[in-house]
Every structure is written in structure tokens, then in C-alpha cells.
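Asker: Please see the structure below; I have some questions.
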Amino acid sequence: LAVLRIRLLICVLIWGGVFCPGQGYLPSLGRLRNVVVLAGAGISTASGIPDFRTPGTGLYANLAKYNLPYPEAVFDVDFFSDDPRPFYSLAKELYPGRHRPNYVHYFIRVLHQKGLLLRMYSQNIDGLEKMCGIPEDKLVEAHGTFASASCHLCYTAFPAEEQAIMSDGVPTCSFCSATVKPNVVFFGEDLPEKYFQHARDFPRADLLMIMGTSLQIEPFASLVNTVRSTVPRLLLNRHAVGPFERKPLRRRDYMELGDLVDSVSRLARILGWHAEIQDLLNSQEGGVWGPALCV
Ligand SMILES: [Zn+2]
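Counted from 1, the sequence shown has number 327 at position 294 by my numbering; the numbering is strictly sequential.
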């Protein structure tokens with residue numbers, strides 16, 4: 034079964050015109066150049082950032098001491114205005130700089146370097162995409178960022194509140210004294226304007242790669258259904274999610290389940306990109322966060 038799955042991967046992803054039994058010839062490199070990547074928390078677990086929902090070890094579980102009415106209240110604006118401390122505790126854990134990009138992030142950077150990345154849509158607020166060198170114009174941080182902040186009441190803009198967050202402080206607005214909130218998207222808040230580029234990007238995609246997401250949070254989850262029906266969708270994830278839970282799969286849907294770093298490094302080897310990614314990891318991260326750490 035594993036061999037079959039890998040063969041399917043090869044069919045979708047070797048962009049050189051390789052013949053695959055039963056699958057015909059692949060689109061050549063010249064025809065596949067608008068890859069859209071949709072990524073979630075799973076791409077950052079190998080960087081040591083715990084998943085939000087994993088019972089016992091997840092970030093929500095660490096907030097137990099604050100007696101939240103329900104875990105997601107940490108991202109509720111009304112709750113935040115009453116008690117911003119749980120959010121700031123979480124912010125300290127997630128703040129960019131405490132963690133480093135891993136193999137998966139660098140795979141996406143290489144996808145960009147090869148001129149194949151149309152856009153990456155990420156649900157993550159850890160900033161690791163930018164840190165690994167994916168340029169601003171190729172990246173949509175759909176759930177916002179810690180790179181800037183604003184007063185949650187009067188919307189006055191403030192620079193990133195790193196110092197306050199790291200010293201367990203809660204920054205307040207110099208105009209109205211309300212709490213300043215990093216520009217991370219809370220439940221019920223509008224997504225950043227950049228997110229709406231999806232209306233142009235998804236119809237242009239010729240391959241959709243979905244990585245490390247549970248596809249549970251809307252409107253992000255529904256994006257997978259906005260590529261053209263002839264476009265291959267490749268899921269690299271721990272479990273089948275969203276439309277990949279249905280059987281049979283849609284024609285041209287493929288999935289590779291299991292450890293994400295393993296799957297991505299296998300794919301990179303098939304594509305002949307592994308050494309390049311490893312070189313980047315060595316030069317940028319001193320070689321850590323590669324597959325060797327995660328097997
Ligand atoms: Zn204010």
C-alpha cells in the first residue's frame with residue numbers, strides 16, 4: 034500500500050514528464066507552476082510548538098490555571114477585554130523567535146525558489162514562514178500576526194509588543210487605556226485583507242498542497258473546494274481531513290498520511306530537492322529540525 038501511495042505521489046509531483054503505470058504522463062514542469070499551499074499547525078509541531086487541541090499537551094491545556102469557560106475563549110474578544118492574561122500567557126509561548134522553522138517550512142521555501150509557489154496560505158501565527166525566508170508577497174497569514182498590534186477598543190496601531198509579552202506584562206493603550214492586542218485574528222474578527230486574494234489565487238492554482246491542518250476552522254477550511262475540479266489536491270497530514278475523509282476520493286485527490294516531516298522529506302527526495310533543503314537547514318538553523326530529529 035505504501036508503495037502505491039508513493040507511486041501516486043510521484044504521479045502528481047515529478048514535474049518532468051515521467052510515465053506512471055495506469056496514470057499516463059504527468060504534466061511537464063512547464064505546465065505546473067502555480068502551486069498553492071494551505072498549511073496549519075501541523076507544519077510547526079516539529080519546531081516544538083504544541084498543537085492547540087491535543088488533550089493534555091496542547092496549548093489550551095496549559096491554560097487550565099486561568100479557569101477559562103471554554104478553551105477557545107482565549108481567542109474571544111469579549112473575554113479578552115475582561116481578562117487578557119490567558120491570551121498573553123499563550124502569546125508568550127507562541128511568540129516568534131522562541132521557535133525556529135523546520136524541514137517543512139524550508140520545503141515550501143524551496144518550492145518558492147523554484148518559481149513554483151503561487152501563494153502560501155497559513156493558519157499559523159508563529160511567524161515561522163517569514164523566518165525561513167518565504168517572502169511577504171508569497172504569504173498570506175490568514176489568522177494574523179504578532180508583528181504588529183493595536184488597541185482592541187480604539188484601534189490605535191502599536192508596534193509589536195514583544196517586551197511586554199516576554200516580561201509577563203499586559204500592554205495598554207496610551208490613548209484610551211484599553212488593552213493592546215497583537216494583530217492575531219480572534220473568533221468573530223475579520224480576516225486580514227490579504228486573505229481575500231484567494232478569490233484570484235485558487236482558480237489559478239494547478240496544484241493544491243494541503244499540509245498539517247485539521248480543516249476545521251472556517252472560512253479557511255472551505256478554500257480547498259475552490260480550486261478547479263481538474264486540479265490535483267495533495268493532502269500531507271497525520272489524518273484524513275475534510276473532503277479526504279470521503280470514500281472514494283475525488284479523482285486527482287491524493288493523500289500521504291503519517292508524520293509530516295517524514296512525508297515531506299520523502300517527497301523532497303523523490304523530487305531531488307532533499308540536499309538543497311538540508312543545505313538550507315544547515316546554513317540557517319545549524320542543521321536542526323530536519324527529518325533525522327523526528328524519526
Ligand atoms: Zn485605545
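Every residue gets a Cβ at the ideal spot worked out from N, C-alpha and C, and that includes glycine.
What residues in its chain sit with their C-beta under 7 Å from that of Ile310, if we drop five residues either side in the sequence?
Answerer: Against the sequence shown, residue 310 aligns to sequence position 277. Tyr136, Tyr139, Phe140, Val143 and Ala301, listed in sequence order.
Asker: Whole angstroms is fine: what's the gap from Leu151's alpha carbon to Pro204's?
Answerer: The residue labelled residue 151 in the question sits at position 118 within the sequence shown. The residue labelled residue 204 in the question sits at position 171 within the sequence shown. Those two C-alpha atoms are separated by around 37 Å.
Asker: My output table needs one value for Gly275: the three-state DSSP class, helix, strand or coil.
Answerer: Taking the sequence shown and counting its residues from 1, one reaches residue 275 at position 242. Reduced to three states, the DSSP call for Gly275 is helix.
Asker: I'd like to check one pair, Thr246 with Cys73: are the Cβ atoms closer than 8 Å?
Answerer: Along the sequence shown, read from residue 1 onward, the residue named residue 73 stands at position 40. Along the sequence shown, read from residue 1 onward, the residue named residue 246 stands at position 213. The question names Cys, but residue 73 is Gly in the sequence shown. Yes; because the gap between Cβ atoms is below 8 Å, this pair is in contact.
Asker: What is the rounded straight-line gap between the Cα of Pro60 and the Cα of Ser296?
Answerer: To locate residue 60, count along the sequence shown from 1; it is residue 27. To locate residue 296, count along the sequence shown from 1; it is residue 263. Bear in mind that the predicted position of Pro60 carries a pLDDT of just 44, short of 50, making it unreliable; the figure below should be weighed with that in mind. The alpha-carbon atoms of Pro60 and Ser296 are separated by roughly 22 Å.
Asker: According to DSSP, is Ser122 part of a helix, a strand, or is it coil?
Answerer: Locating residue 122 in the sequence shown gives position 89, counting from the first residue. Per DSSP, reduced to three states, the secondary structure at Ser122 is helical.
Asker: Tell me whether Ala211 counts as near ligand 1, meaning its Cβ is closer than 7 Å to at least one heavy atom of that ligand.
Answerer: Taking the sequence shown and counting its residues from 1, the one referred to as residue 211 is at position 178. Correct: Ala211 has its Cβ closer than 7 Å to ligand 1.
Asker: Can you say whether Phe179 is buried or exposed, counting buried as having 16 or more other CB atoms within 10 angstroms of its CB?
Answerer: Here the question's residue 179 lines up with position 146 in the sequence shown. By the Cβ neighbour-count rule, Phe179 is buried, with 16 or more other Cβ atoms within 10 Å of its own.
Asker: If contacts are defined as beta-carbon pairs under 8 Å, then Val243 and Leu71 qualify, I think. What distance do you get, rounded to the angstrom?
Answerer: Position 210 of the sequence shown, counted from the start, is the residue given in the question as residue 243. Position 38 of the sequence shown, counted from the start, is the residue given in the question as residue 71. For clarity, residue 243 is Ile in the given sequence; the question names Val instead. So it is a contact: roughly 5 Å between Cβ atoms.
Asker: Use the C-beta contact count for Asp406: other C-beta atoms within 10 angstroms, 16 or more gives buried, fewer gives exposed.
Answerer: Nothing can be reported for residue 406: it is not among the residues displayed for the chain, which extend from 34 to 328.
Asker: Would you kindly work out how many angstroms separate the C-alpha atoms of Pro83 and Gly130, rounded to a whole number?
Answerer: To locate residue 83, count along the sequence shown from 1; it is residue 50. To locate residue 130, count along the sequence shown from 1; it is residue 97. One C-alpha to the other measures close to 15 Å.
Asker: What I want to know is whether the C-beta of Thr189 ends up closer than 7 Å to one or more non-hydrogen atoms of ligand 1.
Answerer: Taking the sequence shown and counting its residues from 1, the one referred to as residue 189 is at position 156. The closest heavy atom of ligand 1 lies less than 7 Å from the beta carbon of Thr189.
Asker: Helix, strand or coil for Asp109, going by three-state DSSP, please let me know.
Answerer: In the sequence shown, counting from the first residue as 1, residue 109 sits at position 76. If DSSP states are grouped into helix, strand and coil, Asp109 belongs with the strands.
Asker: Give me the DSSP bridge partner(s) of Met153.
Answerer: Here residue 153 refers to the residue found at position 120 of the sequence shown. In the DSSP output, where bridge partners are listed per residue, Met153 has Val70 and Leu172.
Asker: Run the proximity test for Leu224: is its beta-carbon closer than 7 Å to any non-hydrogen atom belonging to ligand 1?
Answerer: For this step, residue 224 is matched to residue 191 along the sequence shown. For ligand 1, not one heavy atom lies less than 7 Å from the Cβ of Leu224.
Asker: In terms of alpha-carbon separation, which member of Tyr154, Arg283, Gly177 and Arg261 lies closest to Leu224?
Answerer: Taking the sequence shown and counting its residues from 1, one reaches residue 224 at position 191. Distance from the Cα of Leu224 is smallest, within the candidate group Tyr154, Arg283, Gly177 and Arg261, for Gly177.
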